[in-house]
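Trainee: For the sequence shown, the numbering used here begins at 1072 and goes up steadily by one.
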Amino acid sequence: MGIKKWDAELYSVVGAAGELFAIRTQLYRHVEKDTLLDDFIISLRVAQEGYTIQYDPEAYAIETASASVKEEFKRKIRISAGGIQSIVRLHSLLNIFKCGTLSFQYISHRVLRWSLTPLCLILLIPVLSILSFNEGIISFEFYSILFWMQLFFYAAALLGWFLENRETRIKILFVPYYFFIMNLCEILGFFRY
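1) Three or more C-beta pairs under 8 Å: does that hold for the segment 1191-1200 against the segment 1157-1169?
2) For Cys1256, count the other beta carbons within 10 Å of its own beta carbon; 16 or more makes it buried, fewer makes it exposed. Which is it?
3) In the structure shown, what three-state DSSP assignment does His1101 receive?
4) Quick one: what's got a C-beta closer than 7 Å to Trp1185's C-beta in the same chain, skipping five residues either side?
5) Anyone know if the C-beta pair for Leu1091 and Leu1161 falls short of 8 Å?
6) Output the distance between the C-alpha atoms of Pro1189 and Ala1228, rounded to the nearest integer angstrom.
7) Here's a check: name, in chain order, each residue in its chain whose Cβ is nearer than 6 Å to the Cβ of Ser1174, leaving out the five neighbours to either side.
8) How about the segment 1091-1105 and the segment 1116-1136: do they share at least three Cβ pairs that are nearer than 8 Å?
9) Counting Cβ pairs, one atom from each stretch, are 3 or more of them under 8 Å apart for the segment 1213-1221 and the segment 1231-1251?
10) So, helix, strand or coil for Tyr1082, using DSSP?
11) Output the residue ranges of the beta strand (DSSP E) runs that lie fully inside the segment 1140-1164 and measure 3 residues or longer, sorted by chain position.
12) Label Asp1105 either buried or exposed according to how many other C-beta atoms from any shown protein chain fall within 10 Å of its C-beta, with 16 as the threshold for buried.
13) Measure from the alpha carbon of Ser1203 to the alpha carbon of each residue in Lys1141, Gln1221, Val1085, Asn1254, then state which is nearest.
14) Taking the alpha carbon of Ser1139 as the reference point, which residue from Phe1245, Gly1121, Met1072 has its own alpha carbon closest?
15) DSSP state of Arg1095, grouped into three classes?
16) Are the beta-carbon atoms belonging to Ala1087 and Ile1148 less than 8 Å from one another?
17) Could you name the residues of the same chain whose beta carbon sits closer than 7 Å to that of Ser1137, not counting the 5 residues immediately before and after it, in chain order?
18) Does the separation of the CB atoms of Leu1187 and Asn1254 fall below 8 Å?
19) Determine the direct distance from the alpha carbon of Leu1107 to that of Tyr1264, and round the result to whole angstroms.
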């Protein structure tokens, strides 16, 4: 919610929340039937026309959470696939010279998260391996420390996954597990699209 508030203060919120948003009737445009994130596409197409998406901290909606991590996983894959679809359908928003601040917000908040972040997380493993090997894999130098922290994080995520499948949740392990799963969803969403 803080990011939405700051976005609105800077220029515009980047996409409306599907459970609670309103637009002027004359600004509504139909979206393609196969659109996965219709709320996102509708609101950003309105923003492309020069209007802003505002955030109201007093607006209130209740939405049912996913019943399980498995359901959340499916939901996040759909959102990720919709994100890639949005990048294609809103390609004119990638032109920072045409759309200015809205383009900057869109690229930094959504496009990078849906496209480059998962790839960077994958590439970080071999890059840190090489850099830490050059320092001496068992040393207390910068890249070696980052390498071991990354391995520890992924090991914690793996243990979190193992425990989650046995219906045991330890919060400190659930956080890296959830982070890893959500980034995996970004990759799977890309291939689903």
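For glycine and all other residues, C-beta sits at the position ideal for the given N, C-alpha and C.
Mentor: Answer, in terms of the structure:
1) no
2) buried
3) coil
4) Ser1151, Gly1154, Ile1155, Ile1158, Glu1257
5) no
6) 15 Å
7) Leu1164, Ile1167
8) yes
9) no
10) coil
11) none
12) exposed
13) Gln1221
14) Phe1245
15) coil
16) no
17) Glu1143, Arg1146
18) no
19) 10 Å
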